[in-house]
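What follows is a set of notes on a single structure, which appears directly below.
Number of protein chains: 2
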Amino acid sequence: MSLRHALLGLLAQGPASGYDLTRTFDGSLGRYAWQAGHSRIYPELNKMADAGLVVVDETGPRGRKTYALTDDGRTELRRWMLHWPEQTTVRDETVLRMFLVQSLEPDDARRLLEGIAEHCARELQRLRPLMDELDAEHDPHEPVPFGRLAGEYGVRQYEAVHGWALWSLERLAATVPS
Amino acid sequence: MSLRHALLGLLAQGPASGYDLTRTFDGSLGRYAWQAGHSRIYPELNKMADAGLVVVDETGPRGRKTYALTDDGRTELRRWMLHWPEQTTVRDETVLRMFLVQSLEPDDARRLLEGIAEHCARELQRLRPLMDELDAEHDPHEPVPFGRLAGEYGVRQYEAVHGWALWSLERLAATVPS
DNA sequence: TGACGCATGTAATGCGTTACATGATTGC
DNA sequence: GCAATCATGTAACGCATTACATGCGTCA
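Keeping their order, the protein sequence lines are chains A and B. Under full-length UniProt numbering, the first residue of the first sequence is numbered 1, with each subsequent residue one higher. Under full-length UniProt numbering, the first residue of the second sequence is numbered 1, with each subsequent residue one higher.
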């Protein structure tokens with residue numbers, strides 16, 4: 001039930017409406033960690049309010065409701081963050097493709113790996129300047145800005161996949177014909 | 001509909017029964033890429049047979065049925081492997097926790113990051129020798145063994161997360177009190 | 001006043017997990 | 001003969017996506 005914990009974690013940064021939270025999922029959170037559409041978020045927020053994990057903080061125009069964490073919500077978030085099971089849920093189409101590279105003909109496999117490497121290189125060119133900018137703007141007296149750690153994860157992730165794709169290309173090419 | 005493609009990719013390595021495929025998902029495939037239990041696999045194989053993507057190859061004792069790819073199945077697998085959408089499905093509880101590290105008190109955040117770093121270090125100690133063993137046993141005239149590329153991905157992935165956790169710890173500690 | 005974006009919801013369908021259910025073979 | 005494992009399936013429930021549905025507020 002990770003959607004619930006994702007919402008708790010986001011609300012820990014400060015009150016937000018279902019609409020705000022939906023847009024957060026559209027960004028890098030949804031891209032690298034967990035996806036959710038508004039049609040799941042609104043019902044879940046209502047259930048969390050029933051369970052006493054969040055409360056409606058403010059109501060605004062157009063029926064806008066911002067939610068805030070309760071003490072129970074913060075306790076549950078902390079419990080989930082610190083006590084995680086050994087076997088966690090992962091579901092990643094890209095990694096699945098990596099597992100199945102060898103089901104392709106050698107030429108196709110090469111093309112796929114080259115595509116992955118290029119994709120990673122492009123993403124790195126996009127992400128690294130963003131991180132540098134965050135760092136340049138950052139006042140060292142303030143806490144690390146939200147998203148900076150996740151962004152760093154993204155950079156390192158792409159570097160790892162990039163290196164993996166190049167290594168795999170070499171490895172596939174190195175097969176000695178008999 | 002990635003379960004279907006996972007099954008196609010696995011069957012591309014050679015015919016297998018639903019039971020065999022279920023055990024494959026119990027291993028590193030399920031751990032890093034995609035999970036599925038037998039209760040989804042059997043119905044899906046039947047649907048894939050109806051759709052002409054696979055055929056029953058052999059029947060064995062205890063009602064065992066091995067499935068093999070058809071030409072249509074191989075075509076569909078190739079299509080899926082080579083033409084992937086920009087926005088792919090990712091769902092990873094660990095990465096979600098990474099995104100939410102900053103929702104914790106500094107002490108808790110530190111403990112969590114230390115836990116992640118230790119976890120990665122342990123997994124690396126387990127995985128690296130396995131990969132070295134695979135390489136030592138590998139006849140260079142044979143194609144790269146199935147799972148070797150994925151295993152390398154696992155190693156690099158853990159190295160990346162390990163480095164990220166250490167970097168994050170430093171970064172959190174570096175906040176200058178005002 | 002019309003278009004766009006904000007804002008919230010429900011319904012239908014499909015995918016995934018857990019639990020239920022059954023029976024055959026092999027090895028001890 | 002009994003236990004473990006092989007082997008396949010269905011049912012119930014919950015979660016996720018897509019589509020359907022509605023209405024308010026702001027700005028040009």
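Yeah, the Cβ is synthetic: ideal placement off N, Cα and C, and Gly gets one too.
Using the C-alpha atoms, what's the distance from residue j back to residue i?
{"i": "B/GLY60", "j": "A/ARG148", "result": "56 angstroms"}
{"i": "B/CYS120", "j": "B/PRO129", "result": "15 angstroms"}
{"i": "B/TYR67", "j": "B/LEU3", "result": "15 angstroms"}
{"i": "B/PHE99", "j": "A/ALA150", "result": "5 angstroms"}
{"i": "B/LEU29", "j": "A/LEU96", "result": "7 angstroms"}
{"i": "B/LYS47", "j": "A/GLN87", "result": "30 angstroms"}
{"i": "B/GLU93", "j": "A/TRP80", "result": "10 angstroms"}
{"i": "A/ARG126", "j": "A/HIS138", "result": "19 angstroms"}
{"i": "A/SER103", "j": "A/ALA33", "result": "27 angstroms"}
{"i": "A/GLU118", "j": "B/ASP135", "result": "27 angstroms"}
{"i": "A/ARG111", "j": "B/VAL56", "result": "31 angstroms"}
{"i": "B/VAL54", "j": "B/ASP20", "result": "15 angstroms"}
{"i": "A/ARG64", "j": "A/SER17", "result": "7 angstroms"}
{"i": "A/THR22", "j": "A/PRO106", "result": "42 angstroms"}
{"i": "A/GLN35", "j": "A/THR24", "result": "10 angstroms"}
{"i": "B/ALA165", "j": "B/ASP50", "result": "48 angstroms"}
{"i": "A/TRP84", "j": "B/ILE116", "result": "10 angstroms"}
{"i": "B/ARG62", "j": "A/MET131", "result": "58 angstroms"}
{"i": "B/PHE146", "j": "A/ALA6", "result": "35 angstroms"}
{"i": "B/LEU124", "j": "B/GLU114", "result": "15 angstroms"}
{"i": "B/ALA174", "j": "A/LEU11", "result": "25 angstroms"}
{"i": "B/GLN157", "j": "A/GLN157", "result": "7 angstroms"}
{"i": "A/TYR42", "j": "B/ARG91", "result": "20 angstroms"}
{"i": "A/VAL161", "j": "B/GLY52", "result": "34 angstroms"}
{"i": "B/ARG40", "j": "B/ARG171", "result": "44 angstroms"}
{"i": "B/LEU26", "j": "A/HIS38", "result": "The question names Leu, but residue 26 of chain B in the sequence shown is Asp. Rounded to whole angstroms, B/ASP26 to A/HIS38 spans 33 angstroms at the Cα level."}
{"i": "A/PRO15", "j": "B/GLY154", "result": "37 angstroms"}
{"i": "B/VAL144", "j": "A/GLU152", "result": "32 angstroms"}
{"i": "residue 182 of chain A", "j": "B/GLY9", "result": "Absent from the model: residue 182 of chain A. The displayed extent of chain A is 1 to 178, so no value can be given."}
{"i": "B/ARG122", "j": "B/GLU44", "result": "36 angstroms"}
{"i": "A/SER168", "j": "B/GLU142", "result": "15 angstroms"}
{"i": "A/VAL101", "j": "B/THR75", "result": "15 angstroms"}
{"i": "A/LEU82", "j": "A/MET1", "result": "16 angstroms"}
{"i": "B/ASP72", "j": "B/GLU159", "result": "39 angstroms"}
{"i": "B/ALA109", "j": "B/GLU133", "result": "37 angstroms"}
{"i": "A/ARG31", "j": "A/THR89", "result": "16 angstroms"}
Which residues in chain B have a C-beta closer than 7 angstroms to the C-beta of residue i? List them in chain order.
{"i": "A/LEU100", "result": "GLY9, MET81"}
{"i": "A/SER2", "result": "GLU93, LEU96"}
{"i": "A/LEU172", "result": "VAL144"}
{"i": "A/ARG156", "result": "ALA160, GLY163, TRP164"}
{"i": "A/ALA150", "result": "MET98, PHE99"}
Go to residue i, then tell me how far its beta strand (DSSP E) extends in each direction, as first and last residue.
{"i": "A/VAL161", "result": "Not the beta strand (DSSP E): A/VAL161 falls in the alpha helix (DSSP H), residues 148-173."}
{"i": "B/VAL90", "result": "90-92"}
Starting from residue i, trace the alpha helix (DSSP H) in both directions and tell me its first and last residue.
{"i": "A/ASP108", "result": "106-137"}
{"i": "A/SER2", "result": "2-12"}
{"i": "B/LEU100", "result": "That residue, B/LEU100, is in no alpha helix (DSSP H); it is neither H nor E in DSSP."}
{"i": "A/GLY18", "result": "18-26"}
Going along chain B, which residues have a C-beta under 9 angstroms from residue i?
{"i": "A/TYR153", "result": "VAL95, MET98, PHE99, ALA160, VAL161, TRP164, SER168"}
{"i": "A/ASP108", "result": "ARG78, MET81, LEU82"}
{"i": "A/VAL17", "result": "Residue identity check: residue 17 of chain A is Ser in the sequence provided, not Val. Residues of chain B passing the Cβ test: none, with the nearest at roughly 18 angstroms."}
{"i": "A/ALA6", "result": "LEU96, PHE99, LEU100"}
So which residues of chain B does residue i contact, with C-beta pairs closer than 8 angstroms?
{"i": "A/SER13", "result": "With the sequence shown as reference, residue 13 of chain A is identified as Gln, and Ser is not the correct amino acid for it. Near A/GLN13 (Cβ distances below 8 angstroms), the residues of chain B are GLN102, SER103."}
{"i": "A/THR175", "result": "PRO140, HIS141, GLU142, PRO143, VAL144"}
{"i": "A/LEU112", "result": "MET81, LEU82"}
What residues from chain A crowd round residue i, counting only those whose CB sits closer than 9 angstroms?
{"i": "B/VAL90", "result": "GLY30, ARG31, TYR32, ALA33, TRP34, GLN35, VAL90, ARG91, ASP92, GLU93, THR94, VAL95"}
Can you list the residues of chain A that residue i reaches, using a CB-CB cut of under 7 angstroms?
{"i": "B/SER178", "result": "HIS141"}
Runs of alpha helix (DSSP H) lying entirely within the stretch 45-83 of chain A, each at least 4 residues, in chain order: Listed in chain order, they are 71-82.
Scan the stretch 21-35 of chain B for residues whose Cβ lies nearer than 9 angstroms to a Cβ of chain A and list them as they occur along the chain. Taking 9 angstroms as the Cβ-Cβ cut-off against chain A, the residues of the stretch 21-35 of chain B that qualify are SER28, LEU29, GLY30, ARG31, TYR32, ALA33, TRP34, GLN35.
Near-chain A residues of the stretch 118-145 of chain B (beta-carbon distance less than 8 angstroms), N- to C-terminal order: When C-beta distances to chain A are compared with 8 angstroms, the residues of the stretch 118-145 of chain B below that value are PRO140, HIS141, GLU142, PRO143, VAL144, in chain order.
Near-chain B residues of the stretch 53-80 of chain A - C-beta to any C-beta below 7 angstroms: So the list reads LEU77, ARG78, given in the order they occur along the chain.
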